[in-house]
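The opening residue of the sequence shown carries number 344 in our numbering; numbering runs sequentially from there. Following: one structure in structure tokens, then a few remarks.
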Amino acid sequence: MSTTISCLLVLVCWVSLAWAQPPVEVTLSRVLDGDTLHVTDGTQVYKLRLIGVGTAERNSLVPCAKSWAEEATRYLTLLVTGQPLRLVFDVVLQDTYGRWLAYVYIPGELMVNALLIEYGLGAEADSGKNRQHREMFRQLEREAQIHRRGMWSGL
344 MSTTISCLLV LVCWVSLAWA QPPVEVTLSR VLDGDTLHVT DGTQVYKLRL IGVGTAERNS
404 LVPCAKSWAE EATRYLTLLV TGQPLRLVFD VVLQDTYGRW LAYVYIPGEL MVNALLIEYG
464 LGAEADSGKN RQHREMFRQL EREAQIHRRG MWSGL
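Structure below.
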């Protein structure tokens, strides 16, 4: 019985380590929209989608949504331009479109994904199995709504 439990614990630890991807340092190649970037590791450019946050789309037919899409893109550009970026991955590494999925950190340990939600420029978005910061994102969205920040301002 104890051998079975020991083997099970070793297997669980091994699987956890296999899923744990080390953070990756990259630089910005360009901002595509409020939640998507092109980043480079110096050898290749990768399309990257921020985990857990959704911003309005530029091609929206709703005028205020288009305006918030542009604002989210401007803010994301301001946050990441000229900064070293650290990517932290969750369970699922890529989406069905081949984009890499990550939490993006800038110096000062500031998570870009969270900042977009905190300032009302994005909403918490279901990211499937990538749930590491889901509750924090939900709380940040509630606070942005209560304080009428960004798209929650009613403008």
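Positions of the beta carbon are idealized from the N, C-alpha and C atoms, including for glycine. Quantities reported herein were computed from a predicted structural model and do not represent experimental measurements.
Hey, out of the options, whose CA is closest to residue i's CA?
i: residue 447; options: 440, 476 and 471; result: 476
i: residue 377; options: 410, 431 and 438; result: 410
i: residue 389; options: 424, 435, 445 and 486; result: 445
i: residue 439; options: 497, 387 and 391; result: 391
i: residue 495; options: 464, 419, 478 and 473; result: 464
i: residue 471; options: 437, 488 and 449; result: 437
i: residue 426; options: 382, 490, 491 and 366; result: 382
i: residue 420; options: 380, 479 and 490; result: 380
Can residue i and residue j be called in contact, C-beta distance under 8 angstroms?
i: residue 399; j: residue 408; result: yes
i: residue 515; j: residue 455; result: Since the first residue shown for the chain is 344 and the last is 498, residue 515 is missing from the structure and cannot be characterised.
i: residue 466; j: residue 486; result: no
i: residue 432; j: residue 387; result: no
i: residue 429; j: residue 366; result: yes
i: residue 435; j: residue 402; result: no
i: residue 424; j: residue 375; result: no
Per DSSP, which one or two residues make a beta bridge with residue i?
i: residue 478; result: Answer by DSSP bridge pairing: none, since residue 478 is not bridged.
i: residue 381; result: 373 and 390
i: residue 484; result: Answer by DSSP bridge pairing: none, since residue 484 is not bridged.
Measuring from the CB of residue i, is there a heavy atom of the ligand GTP at a distance below 7 angstroms?
i: residue 463; result: By its list of ligands, the structure shown contains no ligand whatsoever, and the ligand GTP lies outside what it can speak to.
Query raised in the report: Taking one C-beta from the segment 393-403 and one from the segment 459-466 each time, how about it: are there three or more such pairs within less than 8 angstroms?
Result: yes
Requested in this report: Would you list, in sequence order, the uninterrupted beta strand (DSSP E) runs of no fewer than 3 residues that lie entirely inside the segment 398-472?
Outcome: 428-431 and 443-449
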